[in-house]
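K.L.:
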Amino acid sequence: MDHVKGLKCVLCGAEYSTDDILYVCPKHGSEGIVDVIYDYDLIGRRLTKEKLVACRDYSIWRYIDLLPLADSSLIPPLQVGWTPLYKADRLAERIGLSHVWIKDDGRNPTASFKDRASAVGVAKARELGREIITAASTGNAASSLAGLAASVGIETYIFVPETAPQAKIAQLLVFGAHVIMVRGTYDQAFDLCLQASEEYGWYSRNTAYNPYLSEGKKTAALEVCEQLGWQAPDKIFVSVGDGCIIGGLWKGLKDLQALGFIDRLPQLIGVQAEGSAVLAEAWERSSEEIKPIVPDTLADSISVGIPRDRIKALRAVRETEGEYVTVSDEEILDAMLVLARSAAVFAEPAGATGYAGLAKMAREGRIDPSERVVVLVTGNGLKDVKSAIQATGAPHLIEPSMDDLKRLMETQL
Ligand SMILES: *Cc1c(COP(=O)(O)O)cnc(C)c1O
Ligand SMILES: [Zn+2]
20 MDHVKGLKCV
30 LCGAEYSTDD
40 ILYVCPKHGS
50 EGIVDVIYDY
60 DLIGRRLTKE
70 KLVACRDYSI
80 WRYIDLLPLA
90 DSSLIPPLQV
100 GWTPLYKADR
110 LAERIGLSHV
120 WIKDDGRNPT
130 ASFKDRASAV
140 GVAKARELGR
150 EIITAASTGN
160 AASSLAGLAA
170 SVGIETYIFV
180 PETAPQAKIA
190 QLLVFGAHVI
200 MVRGTYDQAF
210 DLCLQASEEY
220 GWYSRNTAYN
230 PYLSEGKKTA
240 ALEVCEQLGW
250 QAPDKIFVSV
260 GDGCIIGGLW
270 KGLKDLQALG
280 FIDRLPQLIG
290 VQAEGSAVLA
300 EAWERSSEEI
310 KPIVPDTLAD
320 SISVGIPRDR
330 IKALRAVRET
340 EGEYVTVSDE
350 EILDAMLVLA
360 RSAAVFAEPA
370 GATGYAGLAK
380 MAREGRIDPS
390 ERVVVLVTGN
400 GLKDVKSAIQ
410 ATGAPHLIEP
420 SMDDLKRLME
430 TQL
């Protein structure tokens with residue numbers, strides 16, 4: 020890993036070598052998230068735009084020169100990343116804009132953005148010779164880890180809150196994870212998982228704890244810029260729970276800027292559910308201190324009372340001159356329908372939340388119609404069909420008779 024200079028604590032700035040620490044800054048415990056520092060001069064000699072044009076690896080591994088791995092033979096075989104970026108003209112028109120793209124990360128192997136992080140986490144575990152990985156998750160990080168681990172025969176212990184949607188639990192069970200369902204919130208499951216990882220020595224795939232996961236997440240930003248021919252968009256909208264995705268996007272954008280691939284950073288717009296808006300609230304106060312809450316939103320993947328990656332998530336927005344926006348559950352359900360009907364992308368509630376934020380800002384006249392906007396869809400709608408049917412209402416039900424059909428056609432359709 021000659022391209023990795025070390026790890027730097029986001030709180031105190033202390034630097035460590037990758038051999039010194041496994042996860043967080045020892046001075047700050049689980050608060051002391053560290054960031055991977057690269058040697059961009061060296062990377063710049065290895066990774067060029069021309070090399071990417073010729074690269075036939077359409078997955079996150081096309082950016083291996085920018086990922087913190089020593090041995091590319093250990094990367095898992097599933098196809099992660101290089102998800103489609105659709106120009107969504109009908110959707111754009113609906114909200115009075117001209118240039119809107121949807122990046123559909125529901126197209127990853129386990130149907131969420133989290134595969135980007137799990138792929139790097141699993142590769143790292145293999146590099147370190149670890150045979151068991153653990154994670155706590157509202158659902159997607161877990162199902163993603165279970166899938167990526169199954170692809171290389173690594174064992175997983177997964178902590179999920181009792182309230183996780185069935186489809187996500189089904190994924191865990193099918194991939195053969197040891198599933199530990201916790202009678203409590205995601206935040207409680209997270210704390211239990213950290214303790215278990217210490218007690219049993221399992222490798223931790225916990226968000227905002229293991230520094231390498233964020234590096235996987237940044238690949239979405241690399242892809243967006245490459246897919247747009249290195250013309251960075253003006254704004255990127257993304258849903259925010261723990262804040263790792265938005266922090267990861269920021270890292271990817273800074274990487275590209277350091278390499279001279281893009282000349283300015285897009286504004287990052289973090290979208291939170293009103294009932295789980297701890298970061299939006301801290302951003303309003305211009306503070307990096309959060310006030311934990313008991314979250315309440317149907318968007319389970321962003322239902323977080325103690326955002327673990329708060330520092331990066333807040334700085335990502337501040338330093339790109341973006342903002343935080345909050346949306347109601349109703350607006351999220353509506354966004355699911357609009358995305359599906361105007362762009363044919365079926366998102367789970369948290370997956371549609373980024374778009375809900377864009378629709379709201381457009382409605383309030385806070386986006387210039389000429390701006391180039393990217394919306395990340397972070398998870399597939401089949402993950403949570405209960406919410407989808409809550410948004411659509413139930414279908415018509417009739418007897419198998421023409422009379423019944425006619426009555427229905429005349430009265431309701
Ligand atoms: C995890 C997740 C998010 C939020 O990501 P954070 O890093 O927790 O902010 C958003 N949408 C989906 C579908 C997710 O699984
Ligand atoms: Zn520190």
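Whatever position you read off the sequence shown (first residue = 1), add 19 for the working numbering.
Ideal Cβ placement from N, Cα and C applies to all residues, glycine included.
Compute the Euclidean distance between the alpha carbons of A130 and I408, then round it to the nearest angstrom.
P.N.:
If I take the Cα positions, the gap works out to 19 Å.
K.L.:
With 16 other CB atoms within 10 Å as the buried threshold, where does C31 fall?
P.N.:
By the neighbour-count rule (16 or more Cβ atoms within 10 Å), C31 is not buried but exposed.
K.L.:
So I94 and W80 are in contact, right, with Cβ under 8 Å, and what is the actual spacing, rounded?
P.N.:
Yes, they are in contact, since the Cβ atoms of I94 and W80 sit about 6 Å apart, within 8 Å.
K.L.:
Does the distance from the CB of A299 to the CB of L268 come in under 8 Å?
P.N.:
In this structure, L268 does not lie closer than 8 Å to A299 by Cβ.
K.L.:
Could you check if C263 belongs to the surroundings of ligand 1, using beta carbon to heavy atom distance under 7 Å?
P.N.:
For ligand 1, at least one heavy atom lies less than 7 Å from the Cβ of C263.
K.L.:
Terminal residues of the continuous alpha helix (DSSP H) containing Y59?
P.N.:
Element bounds for Y59: 59 to 65.
K.L.:
Taking the alpha helix (DSSP H) that C263 belongs to, which residues open and close that run?
P.N.:
Where C263 is concerned, the enclosing alpha helix (DSSP H) stretches over 263 to 277.
K.L.:
Are A410 and L377 close, meaning C-beta to C-beta below 8 Å?
P.N.:
No, the pair does not count as a contact, with Cβ atoms beyond the cut-off.
K.L.:
Any chance you could list the residues with Cβ under 6 Å from a heavy atom of ligand 2, keeping chain order?
P.N.:
Ordered along the chain, the selected set is C28, L30, C31, A33, C44, K46, H47, G51.
K.L.:
Going by DSSP, which residues form a beta bridge with Y105?
P.N.:
I121.
K.L.:
Our contact map puts A138 next to V179 with C-beta atoms below 8 Å; I'd like the distance itself, whole angstroms only.
P.N.:
Not quite, the Cβ-Cβ distance comes to about 20 Å (not below 8 Å), so this is no contact.
K.L.:
What first and last residue would you give for the beta strand (DSSP E) that runs through I351?
P.N.:
Segment 348 to 362 is the alpha helix (DSSP H) holding I351; no beta strand (DSSP E) there.
K.L.:
Taking the continuous alpha helix (DSSP H) assigned at C28, which residues delimit it?
P.N.:
That residue, C28, is in no alpha helix (DSSP H); its beta strand (DSSP E) goes 23 to 28.
K.L.:
At what residues does the alpha helix (DSSP H) containing L241 begin and finish?
P.N.:
Taken as a continuous stretch (DSSP letters only), the alpha helix (DSSP H) holding L241 covers 238 to 246.
K.L.:
As a quick exercise: from R149, D423, L427, A381, pick the residue whose alpha carbon is nearest that of S117.
P.N.:
For the residues R149, D423, L427, A381, the minimum Cα distance to S117 belongs to A381.
K.L.:
Mapping the DSSP letters down to three states, classify L147 as helix, strand or coil.
P.N.:
In this structure, L147 counts as coil in the three-state DSSP scheme.
K.L.:
With H, G and I counted as helix, E and B as strand and the rest as coil, what does DSSP make of R382?
P.N.:
Three-state result, R382: helix.
K.L.:
Ligand 1 and A369: does any heavy atom of the ligand fall closer than 7 Å to the residue's C-beta?
P.N.:
True, at least one ligand heavy atom lies under 7 Å from that Cβ.
K.L.:
With H, G and I counted as helix, E and B as strand and the rest as coil, what does DSSP make of S137?
P.N.:
It is helical.
K.L.:
Work out the CA separation of V313 and T5 for me, nearest whole Å.
P.N.:
Given that the chain is displayed from residue 20 to residue 432, the structure contains no residue 5 and the question cannot be resolved.
K.L.:
Taking C-beta to C-beta, are A371 and I351 nearer than 8 Å?
P.N.:
Result yes, Cβ atoms of A371 and I351 sit closer than 8 Å.
K.L.:
Assuming contact is defined by CB atoms lying nearer than 8 Å, are V141 and V171 in contact in what I supplied?
P.N.:
For V141 and V171, yes; Cβs fall inside 8 Å.
K.L.:
Under 8 Å, do S162 and K143 count as touching if we go by C-beta distance?
P.N.:
For S162 and K143, no; Cβs fall outside 8 Å.
K.L.:
Using a threshold of 7 Å, is the CB atom of G235 nearer than that to any non-hydrogen atom of ligand 1?
P.N.:
No, the Cβ of G235 stays beyond 7 Å of every heavy atom of ligand 1.
K.L.:
Among I121, A362, Y205, which one has its Cα closest to the Cα of V435?
P.N.:
No information on residue 435 is available, as it lies outside the stretch 20 to 432 that the chain covers here.
K.L.:
Once you ignore the five residues that flank L317 on each side, which residues in its own chain have a CB closer than 6 Å to its CB?
P.N.:
Counting only Cβ-Cβ distances below 6 Å, and skipping sequence neighbours, we find D348, P368, S406.
K.L.:
Does DSSP put P180 in a helix, in a strand, or in coil?
P.N.:
Three-state DSSP puts P180 in a strand.
K.L.:
I believe L284 touches T339 by the beta-carbon criterion, under 8 Å. Please report the beta-carbon distance rounded to the nearest angstrom.
P.N.:
Between T339 and L284 the Cβ distance is about 5 Å, and since that is below 8 Å, they are a contact.
K.L.:
Would you mind sorting G235 into buried or exposed? The rule is 16 or more other CB atoms within 10 Å of its CB.
P.N.:
When all chains shown are included, G235 counts as buried.
K.L.:
Could you check whether I52 and V29 sit closer than 8 Å to each other, using their CB atoms as the reference points?
P.N.:
Yes.
K.L.:
Answer yes or no: the CB of T411 versus the heavy atoms of ligand 1, is any distance below 7 Å?
P.N.:
Checking the Cβ of T411 against ligand 1 gives no.
K.L.:
May I ask whether a heavy atom of ligand 1 can be found less than 7 Å away from the beta carbon of T397?
P.N.:
T397: yes, Cβ under 7 Å from ligand 1.
K.L.:
Should A413 be labelled buried (16 or more other beta-carbon atoms within 10 Å of its own) or exposed?
P.N.:
Exposed is the call here.
K.L.:
When the distance is taken between beta carbons, is G289 closer than 8 Å to I265?
P.N.:
Yes. Within cutoff.
K.L.:
Cα separation between A332 and G262?
P.N.:
Cα-Cα distance, rounded: 5 Å.
K.L.:
Nearest-angstrom Cα distance between R149 and Y42?
P.N.:
Computed Cα separation, rounded: 14 Å.
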